[in-house]
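Sequence lines, in order, name chains G and Z.
Residue numbers for the first sequence, in the working numbering: 3 to 115.
Residue numbers for the second sequence, in the working numbering: 6 to 116.
C-beta atoms are modelled at their ideal positions from N, C-alpha and C, and glycine is treated no differently.
Bear in mind the structure is a predicted one, so any value in this text is a computation, not a measurement.
See below for the structure under consideration.
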Amino acid sequence: QQQVRQSPQSLTVWEGETAILNCSYENSAFDYFPWYQQFPGEGPALLIAIRSVSDKKEDGRFTIFFNKREKKLSLHITDSQPGDSATYFCAASANTGNYKYVFGAGTRLKVIA
Amino acid sequence: EAAVTQSPRNKVTVTGGNVTLSCRQTNSHNYMYWYRQDTGHGLRLIHYSYGAGNLQIGDVPDGYKATRTTQEDFFLLLELASPSQTSLYFCASSDVNERLFFGHGTKLSVL
């Protein structure tokens, strides 16, 4: 059972467009939602994260929108650049003190110049 | 910047073989993790640990053992490797701000 779901599986946008990556979860105990970015041949790296007490987190061109009632969140990448082409993972953890993270299957983003 | 080093980078073994994947982190993080990455499944947690001698069961532990010998070192053991364990394996450590730092991965092929 996939506790964290991501859509779409892959996404192609033109340079300058806004890419929207979606994530949903089932466990109401999840309260921390990081997004990781992974380039081919490398390990994932933390991009941006949000806690459930907030409904929006912004860092430059990257913004997370969070809807606790619907258990959904999305990552918006504005002014997309070819260098943003990567796989993006949504993850979740619960404030149980065990630092256990569950990842979605990822969205592969391609930005065309 | 946190450093997590995995070895080997690539490993090929046969069905029934014995494999040990190694991971070292140099930032004194308490938590360390082993994940496997497969297309369509993302990253799935195998085992994790919050300190030397401690081991916690992850979500897909069958066929895997792990051991945390020191604060720095975390090992993943496949004692009877099977083709279903062909995957890309990542080790990670976590700081107090809940940031995961990943290694570059180990590509394992079980023939």
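>> Please identify, using Cβ separations under 7 Å, the residues of the segment 25-48 of chain Z that lie next to chain G, in order along the chain.
In response: Tyr36, Gly45, His46, Gly47, Leu48
> Using CA coordinates, which residue listed in Ser82(G), Ile22(G), Val55(G) is at the minimum distance from Arg71(G)?
Replying inline: Val55(G)
> So what does Pro36(G) bridge to, in DSSP terms?
Replying inline: Ala51(G)
> When the cut-off is 9 Å and only beta carbons count, does Leu48(G) lie next to chain Z?
Replying inline: yes
> With DSSP run on the structure shown, which of helix, strand or coil describes Asp86(G)?
Replying inline: helix
> Does the Cβ of Ala88(G) have 16 or more other Cβ atoms within 10 Å, making it buried, or fewer, making it exposed?
Replying inline: buried
> In angstroms, rounded to a whole number, what distance separates the CA positions of Asp57(G) and Ser26(G)?
Replying inline: 14 Å
>> Taking 9 Å as the threshold (beta carbon to beta carbon), is Gly56(Z) in contact with chain G?
In response: no
>> For a contact defined as C-beta to C-beta under 7 Å, what are the partners of Phe95(Z) on chain G?
In response: Gly45
>> Between which residues of its own chain and Trp16(G) is the CB-CB distance below 7 Å, once the five residues before and five after are set aside?
In response: Ile114
> Beta-carbon of Ser95(G) versus every beta-carbon of chain Z: anything under 9 Å?
Replying inline: yes
> Ser12(G) by DSSP, collapsed to three states: which one?
Replying inline: strand
> Exposed or buried, Ile62(Z), counting other C-beta atoms within 10 Å across all chains shown (16 or more means buried)?
Replying inline: exposed
> What does Ala107(G) reach in chain Z if we use C-beta pairs closer than 7 Å?
Replying inline: Gly45, His46, Gly47
> Apart from the five residues on each side of it in sequence, which residues of its chain come closer than 7 Å, Cβ to Cβ, to Arg53(G)?
Replying inline: Asp33, Tyr34
> How big is the Cα-Cα spacing for Pro13(Z) and Ile50(G)?
Replying inline: 30 Å
> If the cut is a Cβ gap below 8 Å, which residues of chain G does Ser98(Z) touch?
Replying inline: Neighbours of Ser98(Z) on chain G: none; closest Cβ ~10 Å, over 8 Å.
> For a contact meaning CB atoms closer than 7 Å, what does Phe91(G) contact in chain Z?
Replying inline: Gly47, Leu48
> Leu111(G) to Gly22(Z), Cα distance in whole Å?
Replying inline: 37 Å
>> Between Leu48(G), Pro46(G), Ile79(G), Ala47(G), which has its C-alpha nearest Gly62(G)'s C-alpha?
In response: Ile79(G)
>> Let me check understanding here. Comparing Cα to Cα, which of His46(Z), Leu26(Z), Asp100(Z), Leu48(Z) lies closest to Arg73(Z)?
In response: Leu26(Z)
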